[in-house]
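Colleague: If you read the sequences in order, they're chains A and B. Remember, the working numbering sits 10 above the position in the first sequence when you count from 1. Remember, the working numbering sits 10 above the position in the second sequence when you count from 1. For reference, the structure I am asking about is given below.
There are 2 protein chains.
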Amino acid sequence: MKTTFSISELAREFAVTPRAIRFYEQEGMLSPSRQGQTRIFSTRDRVRLGLIVQGKRVGFSLAEIREMLDLYDIGDGQVTQLKVSRKKFADRIVALERQRIDIDESLAGLRQSIAWMDQKIKQAEETEAREKSMNVVGFGVMPRTGT
Amino acid sequence: MKTTFSISELAREFAVTPRAIRFYEQEGMLSPSRQGQTRIFSTRDRVRLGLIVQGKRVGFSLAEIREMLDLYDIGDGQVTQLKVSRKKFADRIVALERQRIDIDESLAGLRQSIAWMDQKIKQAEETEAREKSMNVVGFGVMPRTGT
DNA sequence: TATGACGCTGACGTAAGGGGAAACGTAAAG
DNA sequence: CTTTACGTTTCCCCTTACGTCAGCGTCATA
């Protein structure tokens, strides 16, 4: 069973670039030893990289991930760390649910604009022969008048 | 009816910062005239800013928005422009739908992690209570278990 | 020996502004 | 007339999470 890893091994395993791994080290989230210049990663580094990648996948910033990793290192009986992480995760869920709503709203807006455009295109192509002056605005949205 | 606007008027109306508006100008998307140093925005600027903000809301990059604005300026009979924009919008819809799926997957992962943590916390707190009942330390302070 | 695969260290670039400094003009208030 | 308070300007560094060179060393292989 392997206990040390090269940068490209880990890069392949976790589907990140060596550049990203070096960046994580520079940010203090990994601390590989060195053989001359070359980085030698331990299983601990590997686990941490796994956590980093997972954290990124669910949308945490590196700063947040680093906090959690640090907390995990302190490990004061684990409960405090677990509770802090739990809260972060819960917060993230709320943020993502909000994002989902935003996306749905954007989708609705886009679909409406497309419908509007389709109509305009149809009109334009019908009228093309006779008339040429059309007043096309763009997003199908008028500038807001208040607020 | 107003035909000119100050930077902060537009900022208020469209809920963006003056800084952002200056940035859009710097990027060539707005071209207010000047009275001395001070920017004077026309209704055209106002419409364009509205389009920028709308475009941003549905997730277009400034580069994409600028392209569409430029197209609109050229306005070669409009139909071409409409079709190009339509395609951009359709592409954006696809991208957003993909994003939605990603978010749903992240949410699932987060919820699972939370469930796992809750279980761990429960376990840990049960253990803690058991230790406390057997070993009264006083003042609610637990001995340190390690670094 | 030459070539290619890996590795390294800087340094600069990205998107979309945020934040703050320092300076200017204008208007009201003392 | 001066102070105070805004509103605005330009200028420049900061941010995130790396990508992308440039320029170099080290190794194994053809």
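Just so you know, even glycine gets a beta-carbon here, dropped at the ideal spot from N, CA and C.
Can the beta-carbon of A/Arg-110 be found closer than 9 angstroms to that of B/Arg-110?
Modeller: Walking along the first sequence from the start, residue 110 of chain A turns up at place 100. Walking along the second sequence from the start, residue 110 of chain B turns up at place 100. Going by C-beta atoms, A/Arg-110 is nearer than 9 angstroms to B/Arg-110.
Colleague: Along the chain, where does the beta strand (DSSP E) containing B/Thr-13 start, and where does it finish?
Modeller: Translated into the one-based positions of the second sequence, residue 13 of chain B becomes position 3. Unbroken run through B/Thr-13: none, as it is neither H nor E.
Colleague: Please look up how many angstroms separate the CB atoms of B/Ile-113 and A/Leu-106, rounded, as I've assumed it's under 8 angstroms.
Modeller: In the second sequence, the residue the question calls residue 113 of chain B occupies position 103. In the first sequence, the residue the question calls residue 106 of chain A occupies position 96. Indeed, because the Cβ distance is near 5 angstroms, the residues count as touching under 8 angstroms.
Colleague: Looking at C-alpha atoms only, which residue of A/Met-127, A/Gln-122 and A/Glu-23 is the closest neighbour of A/Gly-60?
Modeller: The sequence position of residue 60 of chain A within the first sequence is 50, counting from 1. Closest by alpha carbon: A/Glu-23.
Colleague: According to DSSP, A/Gln-47 sits in a beta bridge with which residue or residues?
Modeller: Numbered from its first residue, the first sequence carries residue 47 of chain A at position 37. For A/Gln-47, which the question treats as bridged, DSSP gives no partner whatsoever.
Colleague: For chain B, find out if any of its Cβ atoms is closer than 9 angstroms to the Cβ of A/Ile-75; answer yes or no.
Modeller: The residue you call residue 75 of chain A lines up with position 65 of the first sequence. No, A/Ile-75 does not count as interfacial toward chain B.
Colleague: Any C-beta of chain B sitting closer than 9 angstroms to the C-beta of A/Arg-32?
Modeller: Numbered from its first residue, the first sequence carries residue 32 of chain A at position 22. No, A/Arg-32 does not count as interfacial toward chain B.
Colleague: At the level of alpha carbons, what is the spacing between B/Ser-71 and B/Asp-128?
Modeller: Position 61 of the second sequence, counted from the first residue, corresponds to residue 71 of chain B. Position 118 of the second sequence, counted from the first residue, corresponds to residue 128 of chain B. Spanning the two alpha carbons is a distance of roughly 40 angstroms.
Colleague: Run down chain B in chain order and give the residues with a C-beta less than 9 angstroms from the C-beta of A/Asn-134.
Modeller: Within the first sequence, numbered from 1, the residue matching residue 134 of chain A stands at position 124. The amino acid occupying residue 134 of chain A in the given sequence is Ala; Asn does not appear at that position. Those within 9 angstroms of A/Ala-134 in chain B are Gly-87, Gln-88, Val-89 and Leu-92.
Colleague: Going by DSSP, name the residue or residues bridged to A/Ser-52.
Modeller: Position 42 of the first sequence, counted from the start, is the residue given in the question as residue 52 of chain A. Beta-bridge pairing links A/Ser-52 to A/Thr-14.
Colleague: What residues in the stretch 108 to 135 of chain A bring their beta carbon closer than 9 angstroms to a beta carbon of chain B?
Modeller: Those residues of the stretch 108 to 135 of chain A that come within reach of chain B (Cβ to Cβ, closer than 9 angstroms) are Gln-109, Arg-110, Asp-112, Ile-113, Asp-114, Glu-115, Ser-116, Leu-117, Gly-119, Leu-120, Arg-121, Ser-123, Ile-124, Met-127, Asp-128, Lys-130, Ile-131, Ala-134 and Glu-135.
Colleague: Helix, strand or coil for B/Val-104 per DSSP?
Modeller: On the second sequence, residue 104 of chain B is found 94 positions in, with the first residue counted as 1. Three-state DSSP puts B/Val-104 in a helix.
Colleague: Does the stretch 114 to 122 of chain A come into contact with the stretch 92 to 103 of chain A, if we say contact requires no fewer than three beta-carbon pairs (one atom in each stretch) closer than 8 angstroms?
Modeller: With a cut-off of 8 angstroms, the stretch 92 to 103 of chain A and the stretch 114 to 122 of chain A do not count as touching, because too few Cβ pairs lie within range.
Colleague: DSSP on B/Met-39, reduced to helix/strand/coil?
Modeller: Here the question's residue 39 of chain B lines up with position 29 in the second sequence. The answer is coil: DSSP assigns B/Met-39 none of H, G, I, E or B.
Colleague: Taking Cβ positions only, does B/Val-26 come closer than 9 angstroms to chain A?
Modeller: Your numbering for residue 26 of chain B matches position 16 in the second sequence. No, no contact with chain A.
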